[in-house]
Amino acid sequence: MALGITTGCARKDFFQTDAQVHSQALAPARHASTDSVWATAGRHYNQHGWLFRRFMGPHHRGLWAAPVRVPIFRLASADKEAGPLKPTKLGGGFQSTSLTLEAADGRTFALRSLDKDPARILPKFYQKTFVANALRDGTSAGNPYGALVVPPLAQALGVPHTHPRIFYVAPSETEFTVDDANERLRGKMVLLEEKYNGKQVSSPLLPQAQEFISDEDMRKRIYASPADRPDQQALLRARLLDVLIGDWDRHAGQWQWAVLPDPAHPNRRRYAPVPKDRDQTFYRVSDGLVGWLGTRKFTVRHLVTFKKRIHDVEALTGQGRFVDQRGMPELTRRDFEQAARYVQQHLPDSTLARAVHRLPPAVYAHAGKRLLRDLKHRRDQLPSVARKYYLLKARQPIVAGTDQPDFFQVQRTPDSTTVRIYNRTLGADSLYFQRTYYRKETRRLTIEGLGSNDIFEVTGRGLPLVLHGGADHDVVRPANAPRVEFSQEANGNLDVPRPRTDKEALKNYDRLADE
């Protein structure tokens, strides 16, 4: 079997040639109009026997093959509010095809193919083998219509969201003028949604937003000045929504941030998270032998299957660990528990039902009742899951200062450690970070000084510390503080003796790393 997998030829006709289902394949009453067609997201995923399904898994094959009635995409009328859309850029990485569209008022939209071709990530040799077939078939683990369910849930929680819509790109109706967009999008089902970029975008949930920026730009701003802080409670609610819908693909590239004025401090800015790209919502991969083996802890653990019971919280939230680390460093166990109760209270059965009914009728008939049942059970588990989630975040936290001169005050006792960070330029009233860590929850605490001349003041005995000096001249006092490891960048200065340190502590802290 291994020989066959690596040497068998890849199917040249793996994908359906056209998503449209012609009238002879439908019941007589299921006629389309001049503005819509009957189409399938990917009926090629459902053309296998029981043995193949047992081996690879049933996944969401029935949903991909279900005929749904969708409007025909037209640049002039796809979004009535925005008006005519103009193609500007073709992208989408190695799997899906994504076309950026621009409205007359400057707002941008993304038009993405529902189906994907992940075989492009393989080395060229394997792209011609059965490995490509197996990887392509894995796309059926995703729910092609899952993004449609998210808006009512996000709206109820106050989480900003897009308004995704499904279309069919008719070969005879649409003429794209960008690169090879015609070849890659014609005859396919696509998802259209607004992009939260720049100053032209507006959101009813964030009417005061001055602009929307990327996660990387947000990080640069909060590290540049203590006047810029993320909205930690808002991020936690968004992350609990991720857990509820089983969206494990929440790395830094899946977030935008709204820049908001701080009502209490005119010179400060607050950043509210805006999740995007819900491609992996309600993912189901471990229902076959191959998927089950492939998602064990020693393999691709982060591909978490959506089930009635929320399981493996570490894997489910792991892709977003750096977003969590930078976006909600001060939140306590109580904050996590309160947020879980908030999500429960704002997502009653009626809201869950309304969200699931956004699925196309044929898709709802196939999987709607089961999805609603699972969402109810997962909602009810959120308090206990939130406690697990918190303990994961509290195990080895990292606290970062800014590129301005900071004063880190670390007070340790045998049971707890309290960290306060002040901006030295603004003086004694410049406290901008405070949190207490407990030995029963935290194994080790890392503090990052970043740029400028910082002072680390460590008192008492207790939790093990790792202090990272930045590129400028930093001072630790007292220099002989017990259970403290020191690390500094190659061009930095740290006024302490160099004690024994472990390899991990000696690594330079990359404050902008995503992996």
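Start counting the sequence shown at 1; every next residue gets the next number (the UniProt record's numbering).
Backbone N, C-alpha and C define an ideal beta-carbon position, used for all residues, glycine too.
#1: Take every Cβ of the stretch 450 to 470, pair it with every Cβ of the stretch 478 to 485, and state whether three or more of those distances are shorter than 8 Å.
#2: Along the chain, where does the beta strand (DSSP E) containing TYR422 start, and where does it finish?
#3: What runs of the beta strand (DSSP E), each 3 residues or longer, lie entirely inside the stretch 166 to 234?
#4: Considering only C-alpha positions, which residue in the set ALA252, TYR390, VAL68 is nearest to GLY320?
#5: Spatial neighbours of PHE15 within its chain, please: CB distance less than 7 Å, with the 5 preceding and 5 following residues excluded, ordered by chain position.
#6: Of all the options PHE125, ARG278, LEU236, LEU206, which has the alpha carbon lying nearest to the alpha carbon of LEU192?
#7: Starting from the Cα of GLY146, find the closest Cα among ARG378, ILE421, HIS357, ARG387 and give me that residue.
#8: Which same chain residues, not among the five before or five after LEU431, have their C-beta less than 8 Å away from its C-beta?
#9: Quick one: what does DSSP say SER350 is sitting in, helix, strand or coil?
#10: Can you tell which of SER77, LEU303, THR162 has the C-alpha that lies nearest to the C-alpha of ALA141?
#11: Between the C-alpha atoms of ASP349 and VAL343, what's the straight-line distance to the nearest angstrom?
#12: For HIS265, report the span of its beta strand (DSSP E) as first-last.
#13: What residues in its chain sit with their C-beta under 8 Å from that of TYR196, if we drop five residues either side in the sequence?
#14: Residue ranges of each beta strand (DSSP E) run of no fewer than 3 residues wholly in the stretch 295 to 349, ordered along the chain?
#15: So, helix, strand or coil for LYS388, using DSSP?
#16: Whose C-beta lies closer than 7 Å to the C-beta of ASN46 among residues of the same chain, with five residues either side of it excluded?
#17: Between the alpha carbons of THR177 and PRO87, how many angstroms are there, rounded?
#18: Does the count of Cβ pairs from the stretch 166 to 185 and the stretch 118 to 135 closer than 8 Å reach three?
#19: Consult DSSP for PHE486 and reduce its assignment to one of helix, strand or coil.
#20: Which same chain residues, not among the five before or five after THR446, have their C-beta less than 6 Å away from its C-beta?
#21: Give the single residue among ASN182, MET56, ASP137 whose Cα lies nearest to the Cα of SER98.
#22: Would you kindly work out how many angstroms separate the C-alpha atoms of GLN200 and ALA227, rounded to a whole number?
#23: Following the continuous alpha helix (DSSP H) through VAL458, name the residue where it begins and the one where it ends.
#24: With burial defined as no fewer than 16 other Cβ atoms inside 10 Å of the residue's Cβ, what is the status of THR425: buried or exposed?
#25: Measure the C-alpha to C-alpha separation of ARG477 and THR436 and round it to an integer number of angstroms.
#26: With a CB to CB cut of under 8 Å and the five nearest residues on each side skipped, what residues in its chain are close to residue 538?
#27: How far does the beta strand (DSSP E) with ARG412 in it reach, from first residue to last?
#28: For TRP64, does the three-state DSSP call read helix, strand or coil?
#29: By DSSP, does ARG239 sit in helix, in strand, or in coil?
#30: For the candidate residues ASP324, ASP35, PHE282, whose alpha-carbon lies nearest to that of SER172?
#31: Would you report the Cα separation of ASP18 and ARG186, rounded to the nearest angstrom?
#32: From the DSSP secondary-structure annotation, give me the bridge partner or partners of GLU81.
#33: Taking only three categories from DSSP, how would you classify VAL285?
#34: So HIS346 packs on ALA156, CB below 8 Å; how close in whole Å?
#35: Give me the Cα-Cα distance between ALA134 and ASP249, rounded to the nearest whole angstrom.
#36: Taking Cβ to Cβ, would you say ASN453 is nearer than 9 Å to TYR283?
On the basis of the coordinates in this document:
#1: yes
#2: 416 to 423
#3: Runs of the beta strand (DSSP E) lying entirely within the stretch 166 to 234, each at least 3 residues long, are 189 to 194, 211 to 214, 228 to 230 in chain order.
#4: ALA252
#5: If we look at PHE15 and ignore the five residues flanking it on each side, its Cβ neighbours are HIS44, ASP115.
#6: ARG278
#7: HIS357
#8: Cβ within range, chain order: ARG420, ILE421, TYR422.
#9: It is helical.
#10: Proximity to ALA141 across SER77, LEU303, THR162 peaks at LEU303, based on C-alpha coordinates.
#11: 12 Å
#12: Note, HIS265: beta strand (DSSP E), 265 to 275.
#13: Around TYR196, the same chain offers PRO160, THR162, SER203, PHE212, GLN256, ALA258, VAL274, LYS276 as residues with beta carbons nearer than 8 Å, after the five sequence neighbours per side are excluded.
#14: Along the length of the stretch 295 to 349, whole beta strand (DSSP E) runs at least 3 residues long do not occur.
#15: helix
#16: Counting only Cβ-Cβ distances below 7 Å, and skipping sequence neighbours, we find ARG61, GLY62, TRP64, ALA65.
#17: In a straight line, the C-alpha of THR177 is about 7 Å away from that of PRO87.
#18: Counting C-beta pairs with one atom in each stretch, the stretch 166 to 185 and the stretch 118 to 135 have fewer than three that are closer than 8 Å, which means they do not touch.
#19: strand
#20: The beta carbon of THR446 is closer than 6 Å to those of ILE398, VAL466 in its chain, skipping five residues each way along the sequence.
#21: Comparing Cα positions, the closest option is ASN182.
#22: 24 Å
#23: Not the alpha helix (DSSP H): VAL458 falls in the beta strand (DSSP E), residues 455 to 459.
#24: exposed
#25: 20 Å
#26: Because the chain in this structure spans residues 1 to 515, residue 538 falls outside the shown range and cannot be described.
#27: Segment 406 to 412, the beta strand (DSSP E) holding ARG412.
#28: helix
#29: helix
#30: Residue ASP35 is the option with its Cα nearest to SER172.
#31: 8 Å
#32: According to DSSP, GLU81 bridges with nothing at all.
#33: coil
#34: 5 Å
#35: 21 Å
#36: no
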